[in-house]
Ligand SMILES: C[S@@+](CC[C@H](N)C(=O)[O-])C[C@H]1O[C@@H](n2cnc3c(N)ncnc32)[C@H](O)[C@@H]1O
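Numbering (my numbering), first residue to last: 6 to 190.
As structure tokens, then:
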């Protein structure tokens, strides 16, 4: 059985956490990393690492002296990535995105997220976005993939600049790219 298929089965088994029955597509892996700077040392945070498909793309984008903190609530997924990706730049955090500030008190250059916002309460979703905004550097980006447009307004209520890219896959995948322009709060 292919790794993609095994991952799909694991996602389906944990559907309430993953909100997905398969990994995001190759076009998502590429598009969601477009706002990460590759020409200097950066600190990147990933929410919802899963089996690490986007994680690998982030690691191939960032420089050798950068750092990636990847949050994932599912312990088995963390163990899978620990065994399959050997990279000193990657720090796996087996905890929820809502606990970002418990683990990090440094500035972040980019956030890349594939957590299922549609499965989170409005309060929890808003607080995850706000905490990430607080830690982001001015001009930093939060890029989120979702299967719907519905959560875009939550991001627009926190970030000064937001654009949505629709990838014509089946089902369609939407990437929200949101930029912190000047710390309005
Ligand atoms: C749709 S899957 C995406 C996995 C993978 N990054 C991809 O692109 O296919 C969402 C992932 O987010 C994880 N997750 C759900 N809620 C989370 C939270 N609050 N914090 C961190 N990870 C979470 C799930 O366990 C799952 O691995």
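Every residue gets a Cβ at the ideal spot worked out from N, C-alpha and C, and that includes glycine.
Fill in: residue 18: first and last residue of the uninterrupted alpha helix (DSSP H) it sits in
Reading the chain shown from its first residue, position 13 is the one you call residue 18. It spans 8-18 - the alpha helix (DSSP H) in which residue 18 sits, taken as one unbroken run.
Worksheet item: Any heavy atom of ligand 2 closer than 7 angstroms to the Cβ of residue 59?
Response: Among the ligands modelled here, namely ligand 1, ligand 2 does not occur.
Worksheet item: Between 8, 81, 80, 113, which lies nearest to residue 71 when the distance is taken from Cα to Cα?
Response: Position 66 of the chain shown, counted from the start, is the residue given in the question as residue 71. Residue 71 has its Cα closest to that of 113, out of 8, 81, 80, 113.
Fill in: 7 angstroms Cβ shell around residue 19 - same chain, five flanking residues per side excluded
As a working mapping, residue 19 is identified with position 14 in the chain shown. Contacts found: 79.
Discussion item. Tell me the residue span of the beta strand (DSSP E) that contains residue 114.
Written reply: Start at 1 with the first residue of the chain shown, and residue 114 comes out as number 109. 113-118 is the span of the beta strand (DSSP E), which, as asked, contains residue 114.
Discussion item. Is it buried or exposed, residue 223, if we count other Cβ atoms within 10 angstroms and call 16 or more buried?
Written reply: The structure shown does not extend to residue 223, since the chain is modelled only from 6 to 190, so the question has no answer here.
Discussion item. If contact is defined by three or more beta carbon pairs under 8 angstroms, each pair taking one atom from either stretch, is the region 121-138 in contact with the region 88-98?
Written reply: no
Item to complete: Grab me the residues of residue 54's own chain with a C-beta within less than 8 angstroms of its C-beta, minus the 5 sequence neighbours each way, in chain order.
Response: Against the chain shown, residue 54 aligns to sequence position 49. Same-chain partners within the cutoff: 60, 75, 76, 77, 82, 83, 86, 97.
Practice prompt. Could you check which residue in 144, 116, 32, 159 has the C-alpha nearest to that of residue 177?
Written response: As a position in the chain shown, residue 177 is number 172, starting the count at 1. Considering only alpha carbons, the answer is 32.
Fill in: Chain-order list of residues whose beta-carbon lies under 7 angstroms from that of residue 22 (same chain, five-residue window excluded)
Here the question's residue 22 lines up with position 17 in the chain shown. For residue 22, where only same-chain residues beyond five positions count, the Cβ hits under 7 angstroms are 78, 79.
Fill in: Counted within 10 angstroms of its Cβ, other Cβ atoms place residue 160 as buried (16 or more) or exposed
Within the chain shown, numbered from 1, the residue matching residue 160 stands at position 155. Classification of residue 160: buried, given that the 10 Å Cβ count is 16 or more.
Worksheet item: Short check: CB of residue 130 to CB of residue 156, under 8 angstroms?
Response: Start at 1 with the first residue of the chain shown, and residue 130 comes out as number 125. Start at 1 with the first residue of the chain shown, and residue 156 comes out as number 151. Yes, these two residues count as a Cβ contact at 8 angstroms.
Practice prompt. Give a single yes or no on whether residue 153 has its beta carbon closer than 7 angstroms to a heavy atom of ligand 1.
Written response: The residue you call residue 153 lines up with position 148 of the chain shown. Residue 153 Cβ: outside cutoff for every heavy atom of ligand 1.
Item to complete: Starting from residue 141, follow its DSSP beta bridges and name the residues at the other end.
Response: In the chain shown, the residue the question calls residue 141 occupies position 136. In the DSSP output, where bridge partners are listed per residue, residue 141 has 113.
Worksheet item: When you compare each of 162, 105, 39 to residue 50 by their alpha carbons, which one comes out closest?
Response: Working through the chain shown from its first residue, we reach residue 50 at position 45. For the residues 162, 105, 39, the minimum Cα distance to residue 50 belongs to 105.
Discussion item. If the criterion is Cβ atoms closer than 8 angstroms, does the pair residue 37 and residue 163 meet it?
Written reply: Residue numbering aside, residue 37 sits at position 32 when the chain shown is read from its first letter. Residue numbering aside, residue 163 sits at position 158 when the chain shown is read from its first letter. No, they are not a contact pair.
Discussion item. Taking the alpha carbon of residue 89 as the reference point, which residue from 6, 139, 57 has its own alpha carbon closest?
Written reply: Looking up residue 89 in the chain shown gives position 84. The shortest Cα separation from residue 89 among 6, 139, 57 belongs to 57.
Worksheet item: Where in the region 31-106 do unbroken runs of the alpha helix (DSSP H), each at least 4 residues long, occur, reported from the N-terminal end onward?
Response: 31-37, 58-66, 80-89
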